[in-house]
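Asks: First the structure, then my questions, so here it is.
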Amino acid sequence: MNRLNVRFFSIGMLVASIIIFLYGFFFENNSAKSEPTAVKEGYTLVEKDRLDLFKEKIAGLEKENAELKKTIEESKNAPTNTAEQGQDQVFMFEIREGMSLEDIARGLVGIHIITDQNDFINFMVQNGYEKRVQPGQYEFKQGISNQEIADMITK
Numbered sequence: 198m199n200r201l202n203v204r205f206f207s208i209g210m211l212v213a214s215i216i217i218f219l220y221g222f223f224f225e226n227n228s229a230k231s232e233p234t235a236v237k238e239g240y241t242l243v244e245k246d247r248l249d250l251f252k253e254k255i256a257g258l259e260k261e262n263a264e265l266k267k268t269i270e271e272s273k274n275a276p277t278n279t280a281e282q283g284q285d286q287v288f289m290f291e292i293r294e295g296m297s298l299e300d301i302a303r304g305l306v307g308i309h310i311i312t313d314q315n316d317f318i319n320f321m322v323q324n325g326y327e328k329r330v331q332p333g334q335y336e337f338k339q340g341i342s343n344q345e346i347a348d349m350i351t352k
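Numbering (our numbering), first residue to last: 198 to 352.
The following block contains the structure:
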């Protein structure tokens, strides 16, 4: 092999290398990108590990939701009627300064002293008790009448 042959061989190798490089740069590089250029409106791209994290969180929240639903169902099935629980139960209730009659009635319904908030409010207003309510700590038994409640909280 003489010098001229070696030169042409090296020039051929150089040209072939440049062609391969340009082909790879312009054509193969686009398929190597993993990011799609078109994203549908309303969707967000998420990496796979983050997606797995989200799925784990969703599974945990669904489990917690199922437990809460079960607890709510159990509390609904628990006896809440005053006849079933007995009338000897005593409940403490605090009336604070500035509480409205609606707040008091809502609290009494919450501890099952009264059954209808509106009946209690109407009774208090019709008999003139709404302005005489005194703040303080009160003990109520289940099953007492609106009159007994009014007598206790108006002193």
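Note that CB positions come from ideal geometry on N, CA and C, so glycine has one too.
All of these numbers come straight from a predicted model, not from anything done at the bench.
Name, in chain order, the residues that DSSP records as bridge partners for Val287.
Replies: Your numbering for residue 287 matches position 90 in the sequence shown. DSSP lists Lys338 as partners of Val287.
Asks: Please report the residue range of the alpha helix (DSSP H) in which Ile301 lies.
Replies: Sequence index remark: in the sequence shown, residue 301 carries index 104 (1-based). From DSSP, the alpha helix (DSSP H) with Ile301 extends over Leu298 to Gly307.
Asks: Using 9 Å as the threshold, is the C-beta distance between Gln323 and Ile292 below it?
Replies: Walking along the sequence shown from the start, residue 323 turns up at place 126. Walking along the sequence shown from the start, residue 292 turns up at place 95. Contact flag unset, no.
Asks: Check the C-beta distance from Phe290 over to Phe337 and give it rounded, since I have them as a contact under 8 Å.
Replies: Residue 290 sits at position 93 when you count from the first residue of the sequence shown. Residue 337 sits at position 140 when you count from the first residue of the sequence shown. That pair is a contact at about 6 Å.
Asks: Alpha carbon to alpha carbon, what distance is there between Gln339 and Gln286?
Replies: As a position in the sequence shown, residue 286 is number 89, starting the count at 1. As a position in the sequence shown, residue 339 is number 142, starting the count at 1. Answer to the nearest angstrom: the Cα atoms are 6 Å apart.
Asks: Just to confirm before moving on: does the CB-CB distance between Ile350 and Ile310 stay below 9 Å?
Replies: Position 153 of the sequence shown, counted from the start, is the residue given in the question as residue 350. Position 113 of the sequence shown, counted from the start, is the residue given in the question as residue 310. No, they are not a contact pair.
Asks: What does the alpha-carbon distance come out to for the pair Asp249 and Ala256?
Replies: Translated into positions along the sequence shown, residue 249 becomes position 52. Translated into positions along the sequence shown, residue 256 becomes position 59. Their backbone Cα atoms lie some 11 Å apart in a straight line.
Asks: Is the CB-CB distance between Asn343 and Asp316 below 9 Å?
Replies: As a first step, residue 343 must be located in the sequence shown, where it is residue number 146. As a first step, residue 316 must be located in the sequence shown, where it is residue number 119. Yes. Within cutoff.
Asks: Keeping to the same chain, check which residues put their C-beta closer than 6 Å to that of Val306; ignore five residues upstream and five downstream.
Replies: Here residue 306 refers to the residue found at position 109 of the sequence shown. Gln314, listed in sequence order.
Asks: Does the distance between the C-beta of Leu250 and the nearest non-hydrogen atom of the ligand NAD fall short of 8 Å?
Replies: Only the bare structure without any ligand can be found here, which leaves the ligand NAD out of the picture.
Asks: Under DSSP, the alpha helix (DSSP H) around Gly209 begins and ends at which residues?
Replies: Along the sequence shown, one-based indexing puts residue 209 at 12. Where Gly209 is concerned, the enclosing alpha helix (DSSP H) stretches over Arg200 to Tyr220.
Asks: Using the rule of at least 16 other Cβ atoms within 10 Å of the residue's Cβ for burial, across every protein chain shown, is Ala302 buried or exposed?
Replies: The residue given as residue 302 occupies position 105 in the sequence shown. So Ala302 counts as buried.
Asks: Could you compute how far the alpha carbon of Val212 sits from the alpha carbon of Asn199?
Replies: For the purposes of this step, residue 212 is identified with residue 15 of the sequence shown, where counting begins at 1. For the purposes of this step, residue 199 is identified with residue 2 of the sequence shown, where counting begins at 1. Spanning the two alpha carbons is a distance of roughly 20 Å.
Asks: Who are the near neighbours of Tyr335 in its chain, counting only those whose CB is closer than 8 Å to its CB and skipping five residues on each side?
Replies: To locate residue 335, count along the sequence shown from 1; it is residue 138. Correct list, in chain order: Met289, Phe290, Glu291, Ile292, Met349 and Ile350.
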